[in-house]
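See below:
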């Protein structure tokens, strides 16, 4: 069976913990898009980890972790991440890398930095991990596919050609140091030697695994509102964040995805620029940020303070619909126990009209939140194991969210630990 786990919002929903938990009953875990620009935080018996490229199931001996063809593969970063967890006592994970994955190059990171610098105040709030230049090159057909590393003649010719193109931009647009052709070629050869032990046709591997009835988990990065087609364009990422893309980014038939778990936060948070209707500011936001997540709401990749907001039912219902969610995992509910009241954004007022549908970005810029306020439960809910034991107002909050987003909430996370989860229904 193939399941997908994806974000319903702006990312940072707590997917790492849920993926780690589902990894226990999975044989294979696949990263199918994005790169090292997002982080999944996991707490387990080995300690606290922020994973960026590795799938969140690498802590289990029985799993195989796959870097799919849709991923932005930063080879030195991947090797460093594997080494980093092994040095902390985690058994060496079984990793396979698609021979069709494309390679993140050092110049992608530089171009990302140079472009944000050039844009100044109009910048996209990029993590400067090279993601946009990487995917630009992939679709302009001047990226390097892993398979190409093993054809030295082709590699030399392509490295020279790409170098010539990049140097025109470096010289005339960014006024930065030029790339050296020989150095680029040698970098590619070093990448070949690093990645060779992991490379295989992961499409065939997954095809055989599906035939054998293995449990496969597709792990998404970021959330629906950062998708380049259906998100808050242009303040989005550069690969599709939707479960539907899991079939492409992993190399499996779309009809094999039987279950789509959308991870939803019990309040809203976002890193980076872009429209965020239910955003809150000042002391109210600072308090929620301090209490949020595990040790506060700061980006797992950038360390930037996350922007905070109340639960946005309009955005979340839309995110769940675009993901095709069959069930929802609601996270960080325990954080809200200090509040007397819980505002929930149930509509957007745009030009004097209230809508419950999530609009395109130009209209989103004008949207004002319409709130319904629910009573808080004013108590600590960590340690509670069954849904019936939750305070009545806490259950009412969950059930109100479920009704608004129109997808069953089957998992409720009430703490950062792997075991701090309530199964419902």
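In the working numbering, the protein residues as written are 323 to 747. Positions of the beta carbon are idealized from the N, C-alpha and C atoms, including for glycine. Treat the numbers as computed from the prediction; the structure is a model and nothing was measured.
**Distance, residue 711 Cα to residue 344 Cα** = Distance from the CA atom of residue 344 to the CA atom of residue 711, rounded to whole angstroms, is 24 Å.
**Request:** Would you give the residue range spanned by the alpha helix (DSSP H) that residue 402 belongs to?
**Result:** That run of the alpha helix (DSSP H) goes 397 to 409.
**Message:** Under 8 Å, Cβ to Cβ, is there at least one residue of chain B near residue 691?
**Reply:** In the structure shown, chain B does not exist; there is a single protein chain.
**Request:** Measure the CB-CB distance between residue 614 and residue 585 and report whether it falls below 8 Å.
**Result:** For the pair residue 614 and residue 585, the CB atoms are not nearer than the 8 Å cut-off.
**Asked** Shortest alpha-carbon distance to residue 366 belongs to which of 407, 468 and 392?
**Response** The alpha carbon of residue 366 has as its nearest neighbour, out of 407, 468 and 392, the alpha carbon of 407.
**Prompt:** Is residue 544 helix, strand or coil when you go by DSSP?
**Reply:** Three-state DSSP puts residue 544 in a strand.
**Uninterrupted alpha helix (DSSP H) stretches inside the stretch 575 to 641 (no shorter than 4 residues)** = The DSSP assignment places 604 to 613 as complete runs of the alpha helix (DSSP H) inside the stretch 575 to 641, in order along the chain (cut-off: 4 residues).
**Request:** Select from 742, 680 and 632 the residue whose C-alpha is nearest the C-alpha of residue 719.
**Result:** Answer by Cα proximity: 632.
**Whether residue 418 touches residue 522 by CB criterion (8 Å)** = Result yes, Cβ atoms of residue 418 and residue 522 sit closer than 8 Å.
**Prompt:** Out of curiosity, what's the CA-to-CA distance linking residue 626 and residue 333?
**Reply:** Roughly 14 Å separates the two Cα atoms.
**Message:** Mapping the DSSP letters down to three states, classify residue 497 as helix, strand or coil.
**Reply:** In this structure, residue 497 counts as coil in the three-state DSSP scheme.
**Message:** Measuring only the C-alpha atoms, how far is residue 608 from residue 346?
**Reply:** Looking at the two C-alpha atoms, the distance is approximately 35 Å.
**Item:** Option nearest residue 673 by Cα separation, candidates 661, 660, 690 and 659
**Value:** Closest by alpha carbon: 690.
**Asked** Going along the chain, which residues of its own chain have a beta-carbon closer than 8 Å to the beta-carbon of residue 650, five neighbours each way excluded?
**Response** Excluding residues within five positions, the ones whose Cβ falls inside 8 Å are 330, 583, 584, 585, 586, 642, 724, 727, 729, 730, 731, 732 and 733.
**Asked** Can you name the residues that DSSP bridges to residue 389?
**Response** DSSP, once it has assigned bridges, lists 353 and 419 as partnering residue 389.
**Item:** Between the CA atoms of residue 681 and residue 595 - distance to the nearest angstrom
**Value:** So the alpha carbons of these two residues sit roughly 17 Å apart.
**Asked** Helix, strand or coil: how does DSSP classify residue 731 here?
**Response** Looking at residue 731 - three-state DSSP - the assignment turns out to be strand.
**Asked** My guess is that residue 569 and residue 579 are in contact by the Cβ rule of under 8 Å, so how many angstroms apart are they, rounded?
**Response** Confirmed, about 6 Å.
**Prompt:** In chain order, what residues of the same chain have a beta carbon less than 6 Å from the beta carbon of residue 503, not counting five sequence neighbours either side?
**Reply:** Around residue 503: 482 and 485.
**Asked** Given 8 Å as the limit, is there contact between the stretch 435 to 446 and the stretch 382 to 400, that is, 3 or more CB pairs closer than that?
**Response** Flag = no, the stretch 435 to 446 and the stretch 382 to 400 do not touch.
**Message:** Given this structure, state the Cα-to-Cα distance separating residue 328 from residue 738, to the nearest angstrom.
**Reply:** Rounded to whole angstroms, residue 328 and residue 738 show a C-alpha spacing of 18 Å.
**DSSP three-state assignment for residue 517, whether helix, strand or coil** = DSSP places residue 517 within a helical segment (H, G or I) once states are collapsed to three.
**Item:** Extent of the continuous alpha helix (DSSP H) to which residue 483 belongs
**Value:** Taken as a continuous stretch (DSSP letters only), the alpha helix (DSSP H) holding residue 483 covers 474 to 491.
**Asked** Are residue 668 and residue 635 closer than 8 Å when you measure CB to CB?
**Response** Cβ atoms of residue 668 and residue 635: closer than 8 Å.
**Local Cβ density within 10 Å of residue 660, reported as buried at 16 or more and exposed below that** = The residue is exposed, with fewer than 16 neighbouring Cβ atoms inside 10 Å.
**Message:** Quick test of your reading: residue 588 and residue 653, contact by CB under 8 Å. State the CB separation rounded to the nearest angstrom.
**Reply:** Contact between residue 588 and residue 653 holds, since their C-beta atoms are separated by about 7 Å, short of 8 Å.
**Beta-carbon spacing of residue 542, residue 354 below 8 Å** = Yes.
**Item:** Paired residues, beta bridge with residue 649 - DSSP
**Value:** 583, per the DSSP bridge assignment.
**Item:** In DSSP terms, what residue 695 is bridged to
**Value:** In the DSSP secondary-structure assignment, residue 695 is bridged to 665.
**Request:** Assign residue 534 to one of three DSSP states: helix, strand, or coil.
**Result:** If DSSP states are grouped into helix, strand and coil, residue 534 belongs with coil.
**Message:** Check whether the stretch 419 to 430 and the stretch 388 to 408 are in contact - that is, three or more C-beta pairs closer than 8 Å.
**Reply:** Output reads yes: the stretch 388 to 408 touches the stretch 419 to 430.
**Asked** Apart from the five residues on each side of it in sequence, which residues of its chain come closer than 7 Å, Cβ to Cβ, to residue 699?
**Response** Non-local beta-carbon contacts of residue 699 in its own chain, meaning distances under 7 Å to residues more than five positions away in sequence, involve 659, 713, 715 and 716 in chain order.
**Message:** Using the three-state DSSP reduction, which class does residue 330 fall into: helix, strand or coil?
**Reply:** Correct three-state label for residue 330: coil.
**Request:** Tell me whether residue 559 sits in a helix, a strand or coil according to DSSP, three-state version.
**Result:** Correct three-state label for residue 559: coil.
**Prompt:** Identify the residues that DSSP records as bridge partners of residue 371: which are they?
**Reply:** Bridge partners of residue 371: 364.
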